[in-house]
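Quick note: to get the numbering used here, add 389 to the position in the sequence shown (first position is 1).
Take a look at the structure set out below.
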Amino acid sequence: MPKPNEKSEEPEASQPACQQRSVLGRLLDTLSSFFTPSVDQGAVQVTTSPPVPPPAKFNIGDDFRSWELLAQRYIQNVPKHRQPDALLSLLSGEALSIAVENNIVTEPVTDHTFARLKSVLTPRTLAVESARAFHERRQLEGENITTYLRQLKRLAISGFPQDTVAEREIRLLDRLVEGVTNREIRKCFLLNPPRSLSTAVDVATRCEDVRGVLSSDSPNQPYYHTALARGGPNNRRRAPSRGYRSRVVGHPRWPIPLRREDCPYCQRFGNAARTCGHNDRRPPPRAMPVDSIWDALGRTLENAGNSLAERITSEVERKTQAMSDQLNTSIDDAIRRAWTRFKSWTAKQIFRNWMMFVSRGRIII
């Protein structure tokens with residue numbers, strides 16, 4: 390017959406065994422999450438599934454540096470005998486064709502494999518050209534500070550490959566301060582020169598955020614506009630729909646002005662905005678089409694030319710008539726003087742007949 394103290398020791402001895410089985414079960418569950426069983430020709434094979442998701446497929450023109458970083462992390466979690474196929478699956482289009490033609494992807498995949506891919510899939514740029522582009526690169530219009538700094542980093546890596554991380558950060562800081570074109574950011578940099586690249590990026594980002602908030606506010610919007618927009622129709626006195634007529638006899642009726650949505654005075658007073666200069670009843674001047682302008686100009690020039698031609702013609706006719714009259718008068722005077730010089734009657738008759746023949750029957754004498 391067992392003793393009482395021996396019965397109390399049996400549960401204590403079985404408790405550690407239960408704990409060990411539970412710990413072992415949790416360990417097996419954890420390991421099974423990293424293994425995927427597959428059946429191939431009746432045999433059960435266990436293949437590991439990589440915890441890192443595959444990156445997007447690379448094609449000519451994409452950012453090779455970002456793709457290389459993600460692809461290396463993905464390939465490290467793939468078995469070595471499957472690494473070439475996994476790397477080829479990350480290429481697409483022309484990039485895949487170039488890699489297959491040059492027989493670059495071989496087993497196993499190493500850093501040399503990615504270096505060869507970079508040499509054939511990215512355009513070759515000399516370090517001198519990248520350095521020159523780095524010093525000439527300025528912030529473009531509409532380009533934020535993050536995009537500008539990313540472009541500077543790419544040029545610095547390809548133009549100055551011998552720089553260390555600290556030297557490259559100093560170079561980027563100098564170029565960032567000199568190449569930024571935003572006036573507010575340049576003012577902040579001149580008043581408080583940044584001592585590190587992270588500080589400069591933080592200051593520039595805050596300036597851009599403040600500028601975006603200020604640019605979203607309308608300069609002509611009054612402070613009461615929002616309150617009136619939220620209020621109901623009974624919150625303000627309704628203006629009369631007809632014009633106001635004064636009690637004074639003979640005072641004309643006020644005209645109802647034309648309301649404009651962009652006028653703060655009209656927005657506040659509505660139909661009561663009697664003296665606002667914006668709500669004029671006169672319609673805006675109508676713009677004349679370009680064809681009508683040219684037609685009107687052509688008609689004006691034509692009328693001016695016709696008038697000038699008529700004036701010139703009348704003036705020429707008047708001058709010609711005056712010269713003709715003066716010439717006829719001079720001829721008549723000369724004939725009369727010649728007639729008086731003949732003494733005999735016979736000579737005068739001969740001269741008269743000759744003059745009648747010349748003048749075609751016109752009797753001058």
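Ideal Cβ positions, reconstructed from N, Cα and C, are used throughout, including at glycine.
For clarity, every value in this text was computed on a predicted model and none was experimentally measured.
**OP:** Report yes or no: do three or more beta-carbon pairs, one from the region 490–504 and one from the region 470–477, lie closer than 8 Å?
**Re:** yes
key: Spatial neighbours of residue 574 in its chain, beta-carbon cut-off 8 Å, leaving aside the 5 residues before and after   = Position 185 of the sequence shown, counting from 1, holds the residue named residue 574. Only 534, 592, 593, 596 and 597 meet the Cβ criterion.
| said: In whole angstroms, give me the CA-to-CA distance for residue 565 and residue 548. | reply: Reading the sequence shown from its first residue, position 176 is the one you call residue 565. Reading the sequence shown from its first residue, position 159 is the one you call residue 548. The straight-line gap from Cα to Cα measures roughly 16 Å.
Check your understanding: Is residue 458 near residue 484, with beta carbons less than 8 Å apart?
Key -> Reading the sequence shown from its first residue, position 69 is the one you call residue 458. Reading the sequence shown from its first residue, position 95 is the one you call residue 484. For residue 458 and residue 484, no; Cβs fall outside 8 Å.
Exercise for review: To the nearest angstrom, report how far apart residue 447 and residue 461 are at their CA atoms.
Suggested key: Here residue 447 is taken as the residue at index 58 of the sequence shown, counted from 1. Here residue 461 is taken as the residue at index 72 of the sequence shown, counted from 1. If you take the alpha carbons of residue 447 and residue 461, they lie about 13 Å apart.
Are the CB atoms of residue 561 and residue 586 nearer to each other than 8 Å? By one-based count along the sequence shown, residue 561 stands at place 172. By one-based count along the sequence shown, residue 586 stands at place 197. Yes. Within cutoff.
Q | Assigned exposure category for residue 492 - 16 Cβ within 10 Å defines buried | A | Taking the sequence shown and counting its residues from 1, one reaches residue 492 at position 103. Exposed, by the Cβ-count rule.
Own chain, CB closer than 6 Å to residue 519, minus 5 neighbours either side, in chain order
On the sequence shown, residue 519 is found 130 positions in, with the first residue counted as 1. Around residue 519: 544, 547 and 548.
>> With DSSP as the reference, identify every bridge partner of residue 447, one or two as the case may be.
In response: As a working mapping, residue 447 is identified with position 58 in the sequence shown. 480, per the DSSP bridge assignment.
I'd like to check one pair, residue 523 with residue 538: are the Cβ atoms closer than 8 Å? Counting from one through the sequence shown, the residue named residue 538 turns up at place 149. Counting from one through the sequence shown, the residue named residue 523 turns up at place 134. No; because the gap between Cβ atoms is not below 8 Å, this pair is not in contact.
On a Cα-Cα basis, can you pick out the residue from 572, 569 and 477 that is closest to residue 506? On the sequence shown, residue 506 is found 117 positions in, with the first residue counted as 1. That would be 477, whose Cα lies nearest to the Cα of residue 506.
Specify the secondary structure class of residue 551 as computed by DSSP and reduced to three states. To locate residue 551, count along the sequence shown from 1; it is residue 162. Coil, per DSSP.
Could you tell me which uninterrupted beta strand (DSSP E) segments, each at least 3 residues in length, are contained entirely in the region 695–723, listed from first to last along the chain?
none
Between the C-alpha atoms of residue 699 and residue 691, what's the straight-line distance to the nearest angstrom?
-> Position 310 of the sequence shown, counted from the start, is the residue given in the question as residue 699. Position 302 of the sequence shown, counted from the start, is the residue given in the question as residue 691. Rounded to the nearest angstrom, the two C-alpha atoms are 12 Å apart.
Quick check: what's the CA-CA separation for residue 588 versus residue 443? Within the sequence shown, the letter at position 199 stands for residue 588. Within the sequence shown, the letter at position 54 stands for residue 443. One C-alpha to the other measures close to 34 Å.
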